[in-house]
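A.B. asks: Mind looking over this structure? Questions follow.
Number of protein chains: 2
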Amino acid sequence: MNTKPKSISKNLVYRVPIYLTISRRLVDEGAKYITAPQISDITGINVETVKKDLSQICKTPGNPKLGREATTMVEEILEFGVYTKLTNAILIGVGHLGRALLNYSGFAEWGLHIAAGFDRDPKIIGTKIDGKPIYEMDDLSRIIKETDAEIAIITVPKEYAQQLVDFAIAAGVKAIWNFAPTHINVPDDVILQNENMASSLSLLNYNLKASKRKRKVAKKR
Amino acid sequence: MNTKPKSISKNLVYRVPIYLTISRRLVDEGAKYITAPQISDITGINVETVKKDLSQICKTPGNPKLGREATTMVEEILEFGVYTKLTNAILIGVGHLGRALLNYSGFAEWGLHIAAGFDRDPKIIGTKIDGKPIYEMDDLSRIIKETDAEIAIITVPKEYAQQLVDFAIAAGVKAIWNFAPTHINVPDDVILQNENMASSLSLLNYNLKASKRKRKVAKKR
DNA sequence: TAGATTGTTAATCGATTAACAATC
DNA sequence: TAGATTGTTAATCGATTAACAATC
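Chains A and B are the protein sequences, given in the same order. Quick note: the first sequence uses the numbering used here, first residue 156, plus one each step. Quick note: the second sequence uses the numbering used here, first residue 156, plus one each step.
What follows is the structure in structure tokens.
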């Protein structure tokens, strides 16, 4: 009775932040109602997809002809994405990327709070970055427990990634957000999200080369 | 006659860097042959998917029982992904993230070379980051032409993204790698790749919350 | 040979897109 | 009312997975 009968697809969850960003912008611009065709125009996402997504995301039914009440829609997207409840995370590896993530102020908007960073460089241990304390690796287990951190953000060189992930999981972390360019094994009950820049760069490059080939062919004709 | 009859799926291209990383590692570890089941075990990707992918990626047929000759496989993946030919890029917005990307040494491996950075902060204009010069925005068009940059990496606050993308495209850029958390419009012949951290974070968080719910239900029983 | 793997065709699955009735 | 949009069911599309013959 309690479980939702409709299955939520991965791609839908992926699109939720897009819908939230757009709806917020439209509310800021004074919109009272927001329609699926409107979002489709802005994002390029097929209008049928948007309609279906919104009907799954929002509890309040939409208004034929008018669309959905804008502020209600924003609230319901927030609720669906569980963005209002902050989850604590710790970040392992304060290199260039780790530093950038520690300094990024936008995560709170998506329900993430980075509580602390970890590194093995004595020069930065004990300092703070954007107010977040940097600890030595030996403190990992203790701080994870103290902060109740559920997510570990991995921004270390690939050689160290697996070992540190294992430590973090042993200390109670329930999800891994992996920025290290390597494969990582986690137990079944731990969520693993890979942020693979190589993959998206690769896709970009491939499409670029493909479109270049096409352009050449077009010129020849 | 010249065009490939088999269509290459987006997801396959996305997996190519994974195959490359793994095969390189196996070669380093002394492997003479690499098999699909082996890669499947390491990555968790379904073995049928790996088999099919590899047969599309590699020209040389595999060896029943033995697998594929390891070094040949690495070469053919490199060739498929066009990783050996460097493409020039410029990076717009030298904030924390922009700085991290400028400092990242791994891009060369995937065929990307960042030739220059752009920012409006006079304090960093004229300096170099990891050897890459930082210019003012007014130099955008000139430098894009001089370096023959085909890719613009966008790491500016969302308010400025669209405008700068338009400039870059006007100057001849053929692809946009967008890290700004906003939607961007590009002409049909320009490749757009969004790096949406909010989306993957959102998916991570959603899965985390879902697994937590599941755990609670399991406990109750 | 037996066994493992390749390569390819067929079946399944899931997501997107199309179609259409309901309704303000 | 006419027109635009919602919500939902059906059709299509594409990717994954399964099945199986070929082969070293």
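Where is the CB? At the ideal position from N, CA and C, for every residue including glycine.
Return the chain-ordered list of same chain residues with a C-beta closer than 6 angstroms to the C-beta of Leu167 (chain A), the five sequence neighbours on each side being excluded.
C.D. replies: Excluding positions up to five away in sequence, the list reads Asp208.
A.B. asks: Among the residues of its own chain, which have a CB less than 6 angstroms from the CB of Val205 (chain B), if the five just before and after it don't count?
C.D. replies: Cβ within range, chain order: Ala191, Ile194, Ser195.
A.B. asks: On the criterion of 16 or more Cβ atoms from any shown chain inside 10 Å, does Pro160 (chain B) qualify as buried, or is it exposed?
C.D. replies: Below a pLDDT of 50, predicted positions are generally treated as unreliable, and Pro160 (chain B), at 46, falls in that range; no measurement from the model is reported.
A.B. asks: Could you compute how far the alpha carbon of Met352 (chain B) sits from the alpha carbon of Arg170 (chain A)?
C.D. replies: One C-alpha to the other measures close to 12 angstroms.
A.B. asks: Taking Lys220 (chain B) as the reference, which of B:Ala365, B:Ser210, B:Tyr188 has the closest Cα?
C.D. replies: Out of B:Ala365, B:Ser210, B:Tyr188, B:Tyr188 has the C-alpha closest to the C-alpha of Lys220 (chain B).
A.B. asks: Could you tell me whether any Cβ in chain B is nearer than 8 angstroms to the Cβ of Arg179 (chain A)?
C.D. replies: So, not an interface residue.
A.B. asks: Over the uninterrupted alpha helix (DSSP H) stretch that includes Ala330 (chain B), give me the two end residues.
C.D. replies: Note, Ala330 (chain B): premise wrong, no alpha helix (DSSP H); beta strand (DSSP E) at 330-333.
A.B. asks: I'd like the list of long-range same chain contacts for Leu257 (chain A), defined as Cβ closer than 8 angstroms, with 5 residues on each side in sequence excluded.
C.D. replies: The answer, listed in chain order, is Leu246, Val249, Ile269, Gly272, Ile284, Asp285, Lys287.
A.B. asks: What's the gap between the Cα of Lys369 (chain A) and the Cα of Asp344 (chain B)?
C.D. replies: Going from the Cα of Lys369 (chain A) to the Cα of Asp344 (chain B) covers about 10 angstroms.
A.B. asks: By the DSSP assignment, the alpha helix (DSSP H) with Asn258 (chain B) in it spans what residues?
C.D. replies: Unbroken alpha helix (DSSP H) run through Asn258 (chain B): 251-258.
A.B. asks: Which of the three DSSP states is assigned to Tyr315 (chain B) in this structure?
C.D. replies: It is helical.
A.B. asks: Can you tell which of A:Gly222, A:Leu252, A:Ser357, A:Arg297 has its C-alpha closest to the C-alpha of Leu347 (chain B)?
C.D. replies: For the residues A:Gly222, A:Leu252, A:Ser357, A:Arg297, the minimum Cα distance to Leu347 (chain B) belongs to A:Ser357.
A.B. asks: DSSP has Gln348 (chain A) in a bridge; who is on the other side?
C.D. replies: Paired residues: A:Trp332.
A.B. asks: Can you list, in chain order, the residues of its chain with a C-beta nearer than 8 angstroms to that of Gly261 (chain B)? Leave out the 5 residues immediately preceding and following it.
C.D. replies: Contacts found: none.
A.B. asks: Pop quiz: Glu350 (chain A) and Ser355 (chain B) are said to be a contact at Cβ under 8 angstroms. What is the actual Cβ separation, rounded to whole angstroms?
C.D. replies: Indeed, because the Cβ distance is near 6 angstroms, the residues count as touching under 8 angstroms.
A.B. asks: Kindly confirm or deny that the region 326-346 of chain B and the region 331-340 of chain A touch, where touching means at least three C-beta pairs closer than 8 angstroms.
C.D. replies: No contact exists between the region 326-346 of chain B and the region 331-340 of chain A.
A.B. asks: Run the CB neighbour count on Leu363 (chain B), radius 10 Å, all protein chains shown included, and call it buried at 16 or more, exposed below.
C.D. replies: Leu363 (chain B) comes out buried.
A.B. asks: Should Ala330 (chain A) and Glu305 (chain A) be called a contact, given that it needs their Cβ atoms to be closer than 8 angstroms?
C.D. replies: Result yes, Cβ atoms of Ala330 (chain A) and Glu305 (chain A) sit closer than 8 angstroms.
A.B. asks: Quick check: Ala225 (chain A) and Ala186 (chain A), are their CB atoms within less than 8 angstroms of each other?
C.D. replies: Yes; because the gap between Cβ atoms is below 8 angstroms, this pair is in contact.
A.B. asks: Which residues in the same chain as Met292 (chain A) place their Cβ atom closer than 6 angstroms to its Cβ, once the five residues preceding and following it in sequence are excluded?
C.D. replies: Excluding residues within five positions, the ones whose Cβ falls inside 6 angstroms are Phe273, Arg275.
A.B. asks: Show which residues of chain A have a CB atom less than 8 angstroms away from the CB atom of Lys165 (chain B).
C.D. replies: The contacting residues are Leu358.
A.B. asks: Return the residues of the region 313-344 of chain B that lie within a Cβ-Cβ distance of less than 9 angstroms from chain A, sorted by chain order.
C.D. replies: Listed by position, the residues of the region 313-344 of chain B near chain A (Cβ gap below 9 angstroms) are Lys313, Lys329, Ala330, Ile331, Trp332, Pro336, Thr337, His338, Asn340, Asp344.
A.B. asks: Leu233 (chain B) and Leu181 (chain B): beta carbons closer than 8 angstroms?
C.D. replies: Cβ distance not < 8 angstroms, so Leu233 (chain B) and Leu181 (chain B) don't count as in contact.
A.B. asks: Secondary structure at Ala116 (chain A), three-state DSSP: helix, strand or coil?
C.D. replies: Outside the displayed range of chain A (156 to 376) lies residue 116 (chain A), so it cannot be described from this structure.
A.B. asks: Taking any Cβ of chain B, which residues in the region 223-240 of chain A have a Cβ under 7 angstroms from it, in chain order?
C.D. replies: Under the 7 angstroms Cβ criterion, the region 223-240 of chain A contributes Gly236, Val237.
A.B. asks: May I ask you to list the residues that DSSP assigns as paired with His268 (chain A)?
C.D. replies: Note: His268 (chain A) sits in a beta bridge opposite A:Asn243.
A.B. asks: Sort A:Lys278, A:Ala335, A:Ile279, A:Gln211 by Cα distance to Ile163 (chain A) and report the nearest one.
C.D. replies: Comparing Cα positions, the closest option is A:Gln211.
A.B. asks: Pick from B:His251, B:Thr215, B:Arg254: whose alpha carbon is nearest that of Phe235 (chain B)?
C.D. replies: Taking only the C-alpha atoms, the option nearest Phe235 (chain B) is B:Thr215.
A.B. asks: In this structure, how does DSSP classify Tyr238 (chain B) when only helix, strand and coil are distinguished?
C.D. replies: Correct three-state label for Tyr238 (chain B): coil.
A.B. asks: Cβ of Asp276 (chain A) versus every heavy atom of the ligand PLP: is any distance shorter than 7 angstroms?
C.D. replies: The ligand PLP is not among the ligands present in this structure, which contains no ligands whatsoever.
A.B. asks: Name, please, each residue of chain A whose Cβ falls closer than 9 angstroms to the Cβ of Pro246 (chain B).
C.D. replies: Pro is not the amino acid found at residue 246 (chain B); the sequence shown has Leu there. Within 9 angstroms Cβ-Cβ: nothing; Leu246 (chain B) doesn't reach chain A, min ~13 angstroms.
A.B. asks: Let me know the secondary structure DSSP gives Ile289 (chain B) once reduced to three states.
C.D. replies: Looking at Ile289 (chain B) - three-state DSSP - the assignment turns out to be strand.
A.B. asks: Taking its Cβ as the centre, do 16 or more other Cβ atoms sit within 10 Å of Asn218 (chain B), making it buried, or is it exposed?
C.D. replies: It counts as exposed.
A.B. asks: Quick one: what does DSSP say Lys283 (chain A) is sitting in, helix, strand or coil?
C.D. replies: Strand.
A.B. asks: If you drop the 5 nearest sequence neighbours on each side, which residues of the same chain put their C-beta closer than 8 angstroms to that of Ile289 (chain A)?
C.D. replies: Contacts found: Val249, Ala271, Gly272, Phe273, Asp274, Ile279, Ile280, Gly281, Thr282, Lys283.
A.B. asks: Using DSSP's beta-bridge definition, name the partner residues of Gly222 (chain A).
C.D. replies: Beta-bridge pairing links Gly222 (chain A) to A:Asn218.
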